[in-house]
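Engineer: Heads up: the sequence shown is residues 25 to 196, going by the numbering used here.
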Amino acid sequence: MAGLEYFQGYSPEIRLQVQNLIETKRIGMVLKNRYKGEPIHQFNSDKLLFGYANSLKQKYFKNAPVLNKVQYDNKIHVMHNALGLHTAVTRVQGGKANAKIEIRIGNIFKRAPEPFLKMIVVHELAHIKEKTHNKAFYQLCTYMEPNYFQLEFDVRLFLVQIEIEGTPFFDS
């Protein structure tokens with residue numbers, strides 16, 4: 025069934041509940057009820073997004089390397105690829121190694137509730153310290169956003185809702 029690929033790692037019970045939400049076209053309603061008090065974030069430019077991500081980095085990882093670039097990227101195909109990307113490029117110049125850290129966020133999140141954007145930024149920031157999705161990685165995510173796992177689940181629902189209905193829950 026369309027949309028269930030986002031929930032591959034979840035239990036059969038959860039997948040059945042999601043399937044029921046899809047069949048009854050209630051995903052938008054569930055998300056709308058859960059996030060009715062959350063406005064669409066105002067970080068809709070690359071400059072504002074950079075400031076937002078950098079403030080989170082400063083709050084939680086003061087000694088981590090500097091973020092060189094944070095931007096929205098319309099080339100990230102969220103529905104089939106990733107929500108965001110992180111890169112660390114090391115260049116040697118004059119005997120010194122310089123690392124440039126970049127984060128790219130899918131354009132679809134330019135207009136989304138702020139908790140969804142935060143979840144994605146937190147995820148990409150955690151990759152600065154932990155490269156793989158292991159226990160330590162998810163501990164970093166929940167350190168920065170205690171509600172991380174619920175937000176990750178809800179972002180998956182959000183993607184399914186857009187894929188099936190074509191419009192985000194806050195526009196319906």
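Glycine residues also receive a C-beta, built at the ideal position from the N, C-alpha and C atoms.
1. Which residue wins for smallest C-alpha separation from Pro139, given the options Tyr30, Tyr59, Gly119?
2. How is Tyr34 classed by DSSP in three states: helix, strand or coil?
3. Roughly how many angstroms separate the alpha carbons of Met103 and Glu187, rounded to a whole number?
4. State the beta-bridge partners of Arg180 as determined by DSSP.
5. So, at 6 Å on beta carbons, what are the nonlocal neighbours of Phe194 in its own chain, with the 5 sequence-adjacent residues on each side left out?
6. DSSP three-state call for Lys120: helix, strand or coil?
7. Can you tell which of Tyr172, Ala150, Gly130, Asn158 has its C-alpha closest to the C-alpha of Asp70?
8. Counting only runs of 3+ residues fully inside the segment 130-182, write out the beta strand (DSSP E) ranges in chain order.
9. Evaluate Gly27 with the Cβ neighbour count: other Cβ atoms within 10 Å of its Cβ, from every protein chain shown; 16 or more gives buried, anything less gives exposed.
10. Quick check on DSSP: helix, strand or coil for Gln95?
11. In the segment 38-72, which residue ranges form an unbroken alpha helix (DSSP H) of at least 4 residues, counting only runs that do not cross its ends?
12. Rounded to the nearest angstrom, what separates Val90 and Ile152 at their Cα positions?
13. For the segment 140-150 against the segment 162-179, are there 3 or more C-beta pairs whose distance is under 8 Å?
Structural biologist: With the structure as the only source:
1. Counted from its first residue, the sequence shown places residue 139 at position 115. For the residues Tyr30, Tyr59, Gly119, the minimum Cα distance to Pro139 belongs to Tyr59.
2. For the purposes of this step, residue 34 is taken as the residue at position 10 of the sequence shown. Tyr34 carries a coil assignment under DSSP once its states are collapsed to helix, strand and coil.
3. If you number the sequence shown from 1, residue 103 lands on position 79. If you number the sequence shown from 1, residue 187 lands on position 163. Caution applies to Met103, whose pLDDT of 46 falls short of 50 and renders its modelled position unreliable; the value that the coordinates give is listed next. Near 7 Å, if we compare the C-alpha coordinates of Glu187 and Met103.
4. Locating residue 180 in the sequence shown gives position 156, counting from the first residue. Under DSSP, no beta-bridge partner is assigned to Arg180.
5. Stepping through the sequence shown from its first residue, residue 194 is reached at position 170. Answer for Phe194: no residue qualifies.
6. Indexing the sequence shown from 1 puts residue 120 at position 96. In the structure shown, Lys120 sits in a strand (DSSP, three-state: E or B).
7. What you label residue 70 is simply residue 46 of the sequence shown in a count that begins at 1. When only C-alpha atoms are compared, the closest one is Gly130.
8. none
9. Looking up residue 27 in the sequence shown gives position 3. Residue environment for Gly27: buried (at least 16 other C-beta atoms within 10 angstroms of its C-beta).
10. Working through the sequence shown from its first residue, we reach residue 95 at position 71. Here Gln95 sits in strand by DSSP.
11. 51-58
12. Taking the first residue of the sequence shown as position 1, residue 90 is located at position 66. Taking the first residue of the sequence shown as position 1, residue 152 is located at position 128. Near 10 Å, if we compare the C-alpha coordinates of Ile152 and Val90.
13. yes
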